[in-house]
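**Q**
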Amino acid sequence: MLGEGILKGLAETARNFLGSYVGKDRLTTVQYPEERLPQIEAARNFPFLVYDGPDWQQGMRCVSCLICEKECPPKCISIEKSKDKKPDATGKPQFYPAVFNIDVSVCMSCQICVEVCPFEAIKMDVEFELSTDDRFGGLLWNKERLARSNEYYRQIHPTEAAAVDAHLAEDRAKLEAKSKAAAEAKSSATAMVSAQPASGVAAEK
Amino acid sequence: MSTATEAVRLIPKPTDSHECQLLEVSMGPQHPSTHGVFRMDVALDGERVVKLKPVFGYLHRNHEKIAETESYLGSMPYTDRLDYMCSLTSNWAYALAVEKLAGIQVPERAEYLRVITAELTRLQNHASLIGFLLQDMGASGTPLMYAFREREKILDLFEALTGARMMCNYMRFGGCRVDMPAGWLQQAQKVVDAFPRFLDEYEQLFTENEILMARTQGVGVLSGELAVNAGITGPMLRASGVNYDIRKVDKYGIYERFAFRVPLGDHGDVYDRYMLRMLEMRESVKILQQALRDIPPGPIMDPKTKIRGFRPKAGEAYGRTESPKGELGFYLISDGSSNPYRYRVRPPSLVNLTVLEGMCLGQNVADVMAILGSVDIVMGEVDR
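Quick note, the sequences are listed as chains P and C, same order.
Our numbering puts the first sequence at residues 1 to 205.
Our numbering puts the second sequence at residues 1001 to 1384.
#1: Assign GLY1074(C) to buried or exposed, taking buried as 16 or more other Cβ atoms, counted over all protein chains shown, within 10 Å of its Cβ.
#2: Determine, using beta carbons only, whether LEU1144(C) and PHE1195(C) come nearer to each other than 8 Å.
#3: Is it true that the CB of GLY1253(C) sits closer than 8 Å to the CB of ARG1109(C)?
#4: For VAL1345(C), count neighbouring Cβ atoms within 10 angstroms of its own Cβ and tell me buried if that reaches 16, exposed if not.
#5: Mark ALA1188(C) as exposed unless 16 or more other C-beta atoms lie within 10 angstroms of its C-beta, in which case mark it buried.
#6: Around the C-beta of VAL1042(C), are 16 or more other C-beta atoms found within 10 angstroms, so that it is buried, or is it exposed?
#7: Quick one: what's LEU213(P) bridged to in DSSP?
#8: Are LYS1313(C) and GLY1336(C) closer than 8 Å when you measure CB to CB?
#9: Would you say ARG1384(C) faces chain P, with C-beta separation under 8 Å as the test?
#10: Counting only beta-carbon separations shorter than 8 Å, does GLN1135(C) have a partner in chain P?
#11: Check the Cβ of LYS8(P) against every Cβ in chain C and list those closer than 7 Å, keeping chain order.
#12: Given a limit of 7 Å on CB to CB distance, which residues of the stretch 1042-1064 of chain C reach chain P?
#13: List the residues that DSSP assigns as beta-bridge partners of GLN94(P).
#14: Under the rule that 16 or more other beta-carbon atoms within 10 Å means buried, what is MET1001(C), buried or exposed?
#15: Between the Cα of LYS81(P) and the Cα atoms of CYS62(P), PRO87(P) and PRO73(P), which residue gives the shortest distance?
#16: Determine the burial state of GLN1135(C): buried for a count of at least 16 other Cβ atoms within 10 Å of its Cβ, exposed for fewer.
#17: List, in chain order, every chain P residue whose beta-carbon is nearer than 8 Å to that of ALA1164(C).
#18: Cβ of ILE1232(C) within 8 Å of Cβ of VAL1355(C)?
#19: Where does PHE1198(C) fall in DSSP's three states?
#20: For ALA1004(C), I'd like the list of residues in its chain whose CB is within less than 6 Å of its CB, leaving aside the five on either flank, ordered along the chain.
#21: Check for me: the beta strand (DSSP E) holding LYS24(P) runs from which residue to which?
#22: What first and last residue would you give for the alpha helix (DSSP H) that runs through SER1128(C)?
#23: Taking only beta carbons into account, state which residues of the stretch 1067-1078 of chain C come closer than 9 Å to chain P, listed in chain order.
#24: Can you tell me whether ASP1266(C) is helix, strand or coil according to DSSP?
#25: Output the distance between the C-alpha atoms of ARG1238(C) and GLY138(P), rounded to the nearest integer angstrom.
#26: Here's the rule: buried if 16 or more other CB atoms are within 10 angstroms of the residue's CB, otherwise exposed. What is LEU1332(C)?
#27: Considering only C-alpha positions, which residue in the set SER179(P), GLU129(P), LEU2(P) and ALA181(P) is nearest to TYR32(P)?
#28: Tell me, to the nearest whole angstrom, how far the beta carbon of THR28(P) is from that of GLU1152(C); I am working on the premise that it is less than 8 Å.
#29: Does the beta carbon of TRP1092(C) sit closer than 8 Å to a beta carbon anywhere in chain P?
#30: In its own chain, which residues sit with a C-beta less than 7 Å from the C-beta of LEU1279(C), not counting the 5 before and 5 after it?
#31: Which residues of chain P have a Cβ atom closer than 8 Å to the Cβ of PRO1181(C), listed in chain order?
#32: Quick check on the burial criterion: 16 or more other C-beta atoms within 10 angstroms. Buried or exposed for SER1140(C)?
#33: Could you name the residues of the same chain whose beta carbon sits closer than 7 Å to that of ARG1247(C), not counting the 5 residues immediately before and after it, in chain order?
#34: Taking the Cβ atom as the reference point for each residue, do VAL1025(C) and MET1379(C) lie within a distance shorter than 8 Å?
#35: Between which two residues does the beta strand (DSSP E) carrying VAL1042(C) extend?
#36: Is the CB of LEU2(P) under 8 Å away from at least one CB in chain C?
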């Protein structure tokens, strides 16, 4: 019969329309600004810089090695390395970025900077409501704008952050053990008495 | 190639003798049914098309030249932006080319992950393509929204796995970037299990619809011979009855392990192209069911591959995959340095567009949109 196919299709749309009142699988949209879907954990948007401890300037993990700047495909990162060294969160003197800018109007959220960073210093944020009417200044983020605490990182990517924390702790423990062993070797070799080995560990803390 | 400002004269200037009855119409570039910025100069005799000239290049962004200055890894996120509907198959094709070039082996689990993501990509591409095709023919909204509802579920899977819905940047040379998070497999299984129901619904909605049949059957016929001669690949070629699927021909990755059939068309018209994609989705669901069942545990990256300072030895390689649109190939020449000496993309959308005139001649102007919709183009890939 001519028109049967059309009627079948209309029955389908009717089923979908009526089904949207009873089932969640046919009504999949939410009223966005008021209602929000839960954030997917692996989501990524733009990079941020991780810092440890309470002070973002002191705790910044970035040591200004310039690898991300070099590897960034659209070249949206610009870093100026510091001339001097300042103690980081663990008290070890390190270089730090005097200037760290990311032009997020150029960034394409590919997260290659995250992959190449050997210091776990740059990670991807999930914040997406970033529109601004200031096209140039508002989208060029400096290091103050980029700095986010490790607690924030743990909050947005719990699984990934836990792995990173474990990995960093392991590295630190290894380093500590190494310096301790070195100090012990030194102390036994020069036959100097106890006070010495403790100092290496104390400096680490 | 002519630019937008240069007038393309397909027909001679009208004279006073009233002999010239042809009308030249510029369709696009800003037209909702041209799938991006694509222009067609059409010469019409009444409603019939007597000449058609596709004009593209509006979205050209120098992809191949940029890739020659980028590191090998640095081009990976740019391949997402070729065919932005199916970034994962683009990733795979590029990774395949580099792996051939550098002789890298891919671990088992990564191969499975690649197949799963590629077939999910095929599902969402074909579903939304059919939605777009119907939209172009005037079924405004409904089919496309139903398709997008399903696509959204697949994009959520992509986001949970790769971090991005469309610009996934997931494959790496010698594997994949991250392993699946906890619960992903079950979630994917749920989506795949529910998909045939959606396909049944979709078929209920269209396949026997008289208007769709009247608009598409016998329209835009592409003969198998012309398709082969023009280098057409993908669903368009198979709709013309030529049995050529790179998943079967090359058996790249681990495709020889899966039982699936290659649907073929009979007439090569728009309806066949629509129907073929419907059938292909069902085959993809079969592949997905097998892959999700068999995926083994293990590493997802070849441990020897470096992320930074990757330098394949001098040589050349061509890697190709069956992307949802056709044969997507990457041709790379390495001179041993950290960036390719030559980087060439063989985009299926562009090659499939070349027979547009052959399909449209003698058809009504309203059918041109249906034919263009059935070709399945993404301008990001056509213009690069």
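Even for Gly, the Cβ is constructed at its ideal location relative to N, Cα and C.
**A** Reading from the atomic positions:
#1: Within the second sequence, the letter at position 74 stands for residue 1074(C). With 16 or more Cβ atoms within 10 Å of its Cβ, GLY1074(C) is classed as buried.
#2: Numbered from its first residue, the second sequence carries residue 1144(C) at position 144. Numbered from its first residue, the second sequence carries residue 1195(C) at position 195. In this structure, LEU1144(C) lies away from PHE1195(C), with their beta-carbon atoms at least 8 Å apart.
#3: Position 109 of the second sequence, counted from the start, is the residue given in the question as residue 1109(C). Position 253 of the second sequence, counted from the start, is the residue given in the question as residue 1253(C). For the 8 Å CB-CB criterion, ARG1109(C) and GLY1253(C) do not form a contact.
#4: Against the second sequence, residue 1345(C) aligns to sequence position 345. Buried is the call here.
#5: In the second sequence, residue 1188(C) corresponds to position 188, counting from 1. Buried: at least 16 other Cβ atoms inside 10 Å.
#6: Residue numbering aside, residue 1042(C) sits at position 42 when the second sequence is read from its first letter. By the 10 Å Cβ count, VAL1042(C) comes out buried.
#7: This structure leaves residue 213(P) out entirely; chain P is present only between 1 and 205.
#8: Along the second sequence, read from residue 1 onward, the residue named residue 1313(C) stands at position 313. Along the second sequence, read from residue 1 onward, the residue named residue 1336(C) stands at position 336. Against a cut-off of 8 Å, the Cβ pair of GLY1336(C) and LYS1313(C) comes out as a contact.
#9: Numbered from its first residue, the second sequence carries residue 1384(C) at position 384. No - not a single Cβ of chain P is within 8 Å of the one on ARG1384(C).
#10: Indexing the second sequence from 1 puts residue 1135(C) at position 135. Chain P contact via Cβ: absent.
#11: One-based indexing of the first sequence puts residue 8(P) at position 8. By Cβ distance, chain C contributes GLN1204 and GLU1208.
#12: Listed in sequence order: no entries.
#13: The residue you call residue 94(P) lines up with position 94 of the first sequence. Under DSSP, GLN94(P) takes part in a beta bridge, and its partners are LYS86(P).
#14: On the second sequence, residue 1001(C) is found 1 positions in, with the first residue counted as 1. For MET1001(C), the predicted model reports a pLDDT of 43, less than 50, meaning its position is unreliable; a value from the coordinates is still stated below. The C-beta of MET1001(C) has fewer than 16 other C-beta atoms within 10 Å across all chains shown, which makes the residue exposed.
#15: Mapped onto the first sequence, residue 81(P) falls at position 81. Of the listed residues, the one whose Cα sits closest to LYS81(P) is CYS62(P).
#16: Stepping through the second sequence from its first residue, residue 1135(C) is reached at position 135. Around the beta carbon of GLN1135(C), a 10 Å sphere encloses 16 or more other beta carbons of the protein chains shown; the residue is thus reported as buried.
#17: Stepping through the second sequence from its first residue, residue 1164(C) is reached at position 164. Chain-order list of chain P residues neighbouring ALA1164(C): ALA43, ARG44 and SER109, by C-beta distance under 8 Å.
#18: Taking the first residue of the second sequence as 1, we reach residue 1232(C) at position 232. Taking the first residue of the second sequence as 1, we reach residue 1355(C) at position 355. Yes, these two residues count as a Cβ contact at 8 Å.
#19: As a position in the second sequence, residue 1198(C) is number 198, starting the count at 1. In the structure shown, PHE1198(C) adopts helical secondary structure according to DSSP, grouped into three states.
#20: Against the second sequence, residue 1004(C) aligns to sequence position 4. With a pLDDT of 45 at ALA1004(C), under the threshold of 50, the modelled position of that residue is not reliable, and no figure is offered here.
#21: Position 24 of the first sequence, counting from 1, holds the residue named residue 24(P). Run containing LYS24(P): none; DSSP gives neither H nor E here.
#22: Position 128 of the second sequence, counted from the first residue, corresponds to residue 1128(C). From DSSP, the alpha helix (DSSP H) with SER1128(C) extends over 1108-1136.
#23: Contact annotation: in the stretch 1067-1078 of chain C, residues whose CB is within less than 9 Å of a CB in chain P are GLU1070, SER1071, LEU1073, GLY1074, SER1075, MET1076, PRO1077 and TYR1078.
#24: Indexing the second sequence from 1 puts residue 1266(C) at position 266. ASP1266(C) falls in the coil class under three-state DSSP.
#25: Here residue 1238(C) refers to the residue found at position 238 of the second sequence. Here residue 138(P) refers to the residue found at position 138 of the first sequence. The alpha-carbon atoms of ARG1238(C) and GLY138(P) are separated by roughly 50 Å.
#26: Position 332 of the second sequence, counted from the first residue, corresponds to residue 1332(C). Buried, because 16 or more other Cβ atoms sit within 10 Å of the Cβ of LEU1332(C).
#27: In the first sequence, the residue the question calls residue 32(P) occupies position 32. Of the listed residues, the one whose Cα sits closest to TYR32(P) is GLU129(P).
#28: Residue numbering aside, residue 28(P) sits at position 28 when the first sequence is read from its first letter. Residue numbering aside, residue 1152(C) sits at position 152 when the second sequence is read from its first letter. So it is a contact: roughly 6 Å between Cβ atoms.
#29: Numbered from 1 along the second sequence, position 92 holds the residue referred to as residue 1092(C). Taking Cβ atoms only, chain P never reaches closer than 8 Å to TRP1092(C), which makes this a no.
#30: Along the second sequence, read from residue 1 onward, the residue named residue 1279(C) stands at position 279. Same-chain partners within the cutoff: PRO1263.
#31: Here residue 1181(C) refers to the residue found at position 181 of the second sequence. GLU41, ALA42 and THR159, listed in chain order.
#32: Numbered from its first residue, the second sequence carries residue 1140(C) at position 140. Around the C-beta of SER1140(C), fewer than 16 other C-beta atoms lie within 10 Å, and the residue is accordingly described as exposed.
#33: Taking the first residue of the second sequence as position 1, residue 1247(C) is located at position 247. TYR1255 and GLU1322, listed in sequence order.
#34: Position 25 of the second sequence holds residue 1025(C). Position 379 of the second sequence holds residue 1379(C). No. Outside cutoff.
#35: If you number the second sequence from 1, residue 1042(C) lands on position 42. Where VAL1042(C) is concerned, the enclosing beta strand (DSSP E) starts and stops at 1039-1045.
#36: For the purposes of this step, residue 2(P) is taken as the residue at position 2 of the first sequence. Yes, contact with chain C.
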